[in-house]
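Trainee:
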């Protein structure tokens, strides 16, 4: 085989076909479900974004971040503070004959992403100097520092434990009137960012950049030996991971209509970890599967008061069982199952000469 | 190939789950459903539990007598925790299709949820919330936190009404008070206790106090010694505290350890006339402190109150704490309203506005503009009782809220009266 010919992996080949199917499904989904579910699937999309972006660091580069909550808190709070405090101050609400919530959303998004980027760069630089458990601890520390700032209302911006409420309301686009507090509207706005973001991450992990990540994951010393600047590459991956998570961090605020310090806490930061481990860190859609299962297991428990009263116990049990039975996550388990089925199929049919 | 199958399978599974979810959408049915999010776990667990008991007693009594217009009333309780309220409220309205709601423990959660309640257009009677901001619609004067809207009501005394009672107590029953300090939980409610006390006592005729300092501890804190020590060093004549639930127990025990009885002559608590706290403090509870709050079961010598206390004790084995009358009355208020106008949200709201009913604490009127009930507050002095094995409040009195006077006392401050 010619060394220069680049054989696309299996993953790449199915990419286009599957995305079309999933995209159609996502577009139709909110119309097929009752109102509360629309809120749930919109939130799940954001959790998928968060978990997949988290996995850029963990599954692909081998860096376990326990502080990914900060990539929800930073953009989330920035967005809330911008919409609630800054906009009235600078009189932007009067531009264009009244605050158009869509415009607010967009500008707020950009501001939040820029600020998050500015903070992520130095945090990333410091974090990647460490590896393994120390990396986990330092990311956790940064996240908890942000939690402390938000919780104690240092600087008077976060309103402490009570959080900030953000309600974006009626707006109009191309003659279609809708309210941004309606989960249906937010769902499509989120989808608009979700699809390109997931696609971009997919391209990144299946590019040479992604290959370097995997090399670092497998054997950092060896990667270094063949000339890869491990620290620098980890830094870039950290920033990418943080920025993709930040997209989720911005939109979770208008969707939930509020933000409070809990989203900066380690107990929330543990959620992308659990979702990824649950779904499988070594497949691109593993974290997505984990996010869906995790979020819906949680919803399922909330439907039954008996279970809901001790939901942490039951959710933990579900996660424990799944992790025990599917080493490598649900996605690995499903893969193995399919392989076994196909092996049986090829056994029963006349086989060609095997090598 | 395997990946494609897996992806297809997961999409199908996802669609399947959500389709199934669709099937569990709530239906009508023959019950009047009332959603009731409270804090049922964590630091405010006893508050949520008390609210629940009051409401359930009302529901039981109503159902025993034939229900609301022949339909049973069903109260659906959920734990809204510290950060889950929006999801829980949405779920109750959109999944359980409740006809109305009562609820909430924690002023912060109430303020954050009020706009959502308005958007969802569901009537909500708050039964355990202090902050006056949630029955104050005037955003021009009081800023974005004034989240009073058409759908939010309240049957308990708000912070302004409560502090009015406290300030009256200080002015009329305490002598020689010159300096005041404050301690409380470090969040909106705790800070508001101090803010309101200062503002109202400053304008109050006959009070001339020097405000020393305030020290706040985090909610549910187990170690208040540093803050207590710094306040005791100031040797105030009066100490105002905004602690409630378990924080009261922690504060009292640690303050006694640090010798508060020798340093501070008068202690007045804003939200602690709570028989459950008295029981947990037992013998260690100091005599002679002033305990204010929303209710004390022996403060109202009326037939309505006595029969309520009797039914409550029979059902639950202990006297009602501060929350039950408020949630109990809320359910009965809904009964009265729904029997009159049906379950349409806007009709319910219209009927609740300006409504007067006979409650446990006497006749109550819900203001048509602010949606705040003119609920009385209670204040008493702790006295240990051998028979009961705990302190009781003796003497104890009720404080009627005078809306006009409360407004005038707060004029010029940035604090809404919410009455």
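Residue numbers (our numbering), protein chains in the order written: chain A, 91 to 445; chain B, 122 to 540. Even for Gly, the Cβ is constructed at its ideal location relative to N, Cα and C.
1. Name the two residues that bound the continuous beta strand (DSSP E) containing residue 333 of chain B.
2. Would you list, in chain order, the members of the region 339-351 of chain A that have their beta-carbon closer than 7 angstroms to a beta-carbon of chain B?
3. With a threshold of 16 other CB atoms inside 10 Å of the CB of residue 516 of chain B, please say whether the residue is buried or exposed.
4. What does residue 173 of chain B touch in chain A if you count any residue whose Cβ is under 8 angstroms from its own?
5. Drop a sphere of 10 angstroms on the beta-carbon of residue 284 of chain A, count the other beta-carbons inside from all chains shown, and report buried for 16 or more, exposed for fewer.
6. Using the rule of at least 16 other Cβ atoms within 10 Å of the residue's Cβ for burial, across every protein chain shown, is residue 382 of chain A buried or exposed?
7. For residue 294 of chain A, which residues in the same chain have their Cβ closer than 6 angstroms to its Cβ, ignoring the five residues on either side in sequence?
8. Could you tell me if residue 223 of chain A is buried or exposed, where buried requires 16 or more neighbouring beta carbons within 10 angstroms of its beta carbon?
9. Out of B/385, B/342, B/205, which one is the CA nearest neighbour of residue 370 of chain B?
10. Roughly how many angstroms lie between the CA atoms of residue 337 of chain B and residue 249 of chain A, to the nearest whole one?
11. Per the contact definition of three or more C-beta pairs closer than 8 angstroms, is the region 148-165 of chain A in contact with the region 227-236 of chain A?
12. Indicate whether residue 531 of chain B and residue 320 of chain B have their beta-carbon atoms separated by less than 8 angstroms.
13. Say whether the region 275-288 of chain B touches the region 253-264 of chain B, bearing in mind that this needs 3 or more beta-carbon pairs closer than 8 angstroms, one atom from each stretch.
14. What residue range does the alpha helix (DSSP H) around residue 323 of chain A cover?
15. Taking all protein chains shown into account, decide if residue 279 of chain A is buried (16 or more other Cβ within 10 angstroms of its Cβ) or exposed.
16. How long is the line joining the alpha carbons of residue 306 of chain B and residue 187 of chain B, rounded to whole angstroms?
17. If we require 4 or more residues per run, which alpha helix (DSSP H) segments fall completely within the region 385-438 of chain B?
18. Using DSSP's beta-bridge definition, name the partner residues of residue 483 of chain B.
19. In angstroms with no decimal places, state the Cα-to-Cα distance between residue 404 of chain A and residue 338 of chain A.
20. Measure the C-alpha to C-alpha separation of residue 351 of chain A and residue 163 of chain A and round it to an integer number of angstroms.
21. Under DSSP, the alpha helix (DSSP H) around residue 299 of chain A begins and ends at which residues?
22. Thinking C-beta only, is residue 151 of chain A closer than 8 angstroms to residue 307 of chain A?
23. Cutting at 7 angstroms between CB atoms, please list the residues of its own chain near residue 302 of chain B, excluding the five before and the five after it.
24. Is residue 392 of chain A close to chain B? Criterion is C-beta to C-beta, closer than 8 angstroms.
25. Taking the alpha carbon of residue 358 of chain A as the point to measure from, which residue in A/378, A/397, A/237 has its own alpha carbon closest?
26. Find the residues of chain B that neighbour residue 126 of chain A, judging by a C-beta separation of less than 7 angstroms, and give them in chain order.
27. If you check the beta carbons only, do residue 274 of chain B and residue 241 of chain B fall under 8 angstroms apart?
28. Please report the distance separating the alpha-carbon of residue 349 of chain B from that of residue 246 of chain A.
29. Compare the C-beta of residue 142 of chain A with all C-beta atoms of chain B and state if any pair is closer than 8 angstroms.
30. On the DSSP letters alone, give me the boundaries of the beta strand (DSSP E) that residue 247 of chain B sits inside.
31. In whole angstroms, what is the alpha-carbon distance linking residue 235 of chain A and residue 360 of chain A?
32. For a quick check, are the C-beta atoms of residue 142 of chain A and residue 377 of chain A less than 8 angstroms apart?
33. Mapping the DSSP letters down to three states, classify residue 212 of chain B as helix, strand or coil.
34. At the level of alpha carbons, what is the spacing between residue 436 of chain A and residue 429 of chain A?
35. Under 8 angstroms, do residue 334 of chain A and residue 139 of chain A count as touching if we go by C-beta distance?
Mentor: So, from the data block:
1. Here the question's residue 333 of chain B lines up with position 212 in the second chain. That run of the beta strand (DSSP E) goes 331-338.
2. The residues in question are 346, 347, 348, 350.
3. Reading the second chain from its first residue, position 395 is the one you call residue 516 of chain B. By the beta-carbon neighbour count (other beta carbons within 10 angstroms, threshold 16), residue 516 of chain B is exposed.
4. In the second chain, the residue the question calls residue 173 of chain B occupies position 52. When 8 angstroms is used as the limit between beta carbons, residue 173 of chain B is near no residue of chain A, the shortest such separation being about 12 angstroms.
5. Stepping through the first chain from its first residue, residue 284 of chain A is reached at position 194. Answer is buried; the Cβ neighbour count reaches 16.
6. The residue labelled residue 382 of chain A in the question sits at position 292 within the first chain. With 16 or more other Cβ atoms within 10 Å, it is buried.
7. Residue mapping note: residue 294 of chain A aligns to position 204 of the first chain, counting from 1. For residue 294 of chain A, where only same-chain residues beyond five positions count, the Cβ hits under 6 angstroms are 300.
8. Position 133 of the first chain, counting from 1, holds the residue named residue 223 of chain A. Exposed: under 16 other Cβ atoms inside 10 Å.
9. Here residue 370 of chain B corresponds to residue number 249 of the second chain, with the count starting at 1. It is B/342.
10. Here residue 337 of chain B refers to the residue found at position 216 of the second chain. Here residue 249 of chain A refers to the residue found at position 159 of the first chain. So the alpha carbons of these two residues sit roughly 15 angstroms apart.
11. Enough Cβ pairs lie closer than 8 angstroms, so yes.
12. By 1-based counting over the second chain, the position of residue 531 of chain B is 410. By 1-based counting over the second chain, the position of residue 320 of chain B is 199. Contact: yes.
13. Verdict: yes, contact present.
14. Against the first chain, residue 323 of chain A aligns to sequence position 233. Element bounds for residue 323 of chain A: 320-346.
15. The residue you call residue 279 of chain A lines up with position 189 of the first chain. Buried, because 16 or more other Cβ atoms sit within 10 Å of the Cβ of residue 279 of chain A.
16. On the second chain, position 185 is the one that residue 306 of chain B refers to. On the second chain, position 66 is the one that residue 187 of chain B refers to. The alpha-carbon of residue 306 of chain B is positioned some 44 angstroms away from that of residue 187 of chain B.
17. As far as the region 385-438 of chain B is concerned, its whole alpha helix (DSSP H) runs of at least 4 residues are 396-402, 424-437.
18. In the second chain, the residue the question calls residue 483 of chain B occupies position 362. The partner list for residue 483 of chain B (beta bridge, DSSP) reads B/480.
19. By 1-based counting over the first chain, the position of residue 404 of chain A is 314. By 1-based counting over the first chain, the position of residue 338 of chain A is 248. Roughly 27 angstroms between the two C-alpha positions.
20. Counting from one through the first chain, the residue named residue 351 of chain A turns up at place 261. Counting from one through the first chain, the residue named residue 163 of chain A turns up at place 73. When rounded, the distance between both Cα atoms is 7 angstroms.
21. The count along the first chain starts at 1 and reaches residue 299 of chain A at position 209. Residue 299 of chain A -> alpha helix (DSSP H) spans 298-308.
22. Locating residue 307 of chain A in the first chain gives position 217, where the first residue counts as 1. Locating residue 151 of chain A in the first chain gives position 61, where the first residue counts as 1. In this structure, residue 307 of chain A places its C-beta atom within 8 angstroms of the C-beta atom of residue 151 of chain A.
23. Position 181 of the second chain, counted from the start, is the residue given in the question as residue 302 of chain B. Excluding sequence neighbours, residue 302 of chain B sits near 333, 334, 335, 352, 355, 357, 360.
24. Taking the first chain and counting its residues from 1, one reaches residue 392 of chain A at position 302. Yes, because at least one Cβ of chain B sits closer than 8 angstroms to the Cβ of residue 392 of chain A.
25. Within the first chain, residue 358 of chain A is the residue found at index 268, counting from 1. Ranking the options by Cα distance to residue 358 of chain A, first place goes to A/237.
26. Indexing the first chain from 1 puts residue 126 of chain A at position 36. Under the 7 angstroms cutoff, chain B gives 211, 212, 215, 216.
27. By one-based count along the second chain, residue 274 of chain B stands at place 153. By one-based count along the second chain, residue 241 of chain B stands at place 120. Going by C-beta atoms, residue 274 of chain B is not nearer than 8 angstroms to residue 241 of chain B.
28. To locate residue 349 of chain B, count along the second chain from 1; it is residue 228. To locate residue 246 of chain A, count along the first chain from 1; it is residue 156. So the two alpha carbons sit approximately 25 angstroms from each other.
29. Translated into positions along the first chain, residue 142 of chain A becomes position 52. Answer no: the Cβ-Cβ gap between residue 142 of chain A and chain B never drops below 8 angstroms.
30. Counted from its first residue, the second chain places residue 247 of chain B at position 126. Boundaries of the beta strand (DSSP E) around residue 247 of chain B: 245-247.
31. Taking the first chain and counting its residues from 1, the one referred to as residue 235 of chain A is at position 145. Taking the first chain and counting its residues from 1, the one referred to as residue 360 of chain A is at position 270. The alpha-carbon separation between residue 235 of chain A and residue 360 of chain A amounts to approximately 16 angstroms.
32. Taking the first residue of the first chain as position 1, residue 142 of chain A is located at position 52. Taking the first residue of the first chain as position 1, residue 377 of chain A is located at position 287. Yes, they are a contact pair.
33. Residue mapping note: residue 212 of chain B aligns to position 91 of the second chain, counting from 1. Note: residue 212 of chain B maps to helix in three-state DSSP.
34. Mapped onto the first chain, residue 436 of chain A falls at position 346. Mapped onto the first chain, residue 429 of chain A falls at position 339. Residue 436 of chain A and residue 429 of chain A: Cα-Cα distance of roughly 10 angstroms.
35. Here residue 334 of chain A refers to the residue found at position 244 of the first chain. Here residue 139 of chain A refers to the residue found at position 49 of the first chain. Between residue 334 of chain A and residue 139 of chain A, the C-beta gap is smaller than 8 angstroms, which places the two residues in contact.
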